[in-house]
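Note that the working numbering has the sequence shown beginning at 1336, numbered continuously upward. For each residue, glycine too, the CB sits at the ideal point set by N, CA and C.
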Amino acid sequence: FNPEHKPPSFKDLVYLEPSPGFCEKNPKLGIEGTHGRFCNDTSIGVDGCDLMCCGRGYLTKEIVVVERCACTF
């Protein structure tokens, strides 16, 4: 448990035994690793870059998406 990360909520699944490392790819165990995945730079949860990038560092970029909406006024 890292005190800098959000503590688990009652909806989170918490394991009592150690699990294999999920940072690096391990085809034998079916683990894809976290390299190349999208993360949330502002999140302290499991989708946060600090946790998901496993201390390797990360690059951020801003993507602007323009979509049509079906708004009615």
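Please confirm if the segment 1349-1361 is in contact with the segment 1371-1386, defined as three or more CB-CB distances below 8 angstroms between the two stretches.
Too few Cβ pairs lie closer than 8 angstroms, so no.
From what residue to what residue does the alpha helix (DSSP H) around residue 1384 run?
Segment 1384-1387, the alpha helix (DSSP H) holding residue 1384.
Is the beta carbon of residue 1379 less than 8 angstroms from the beta carbon of residue 1341?
The answer is yes: Cβ separation under 8 angstroms.
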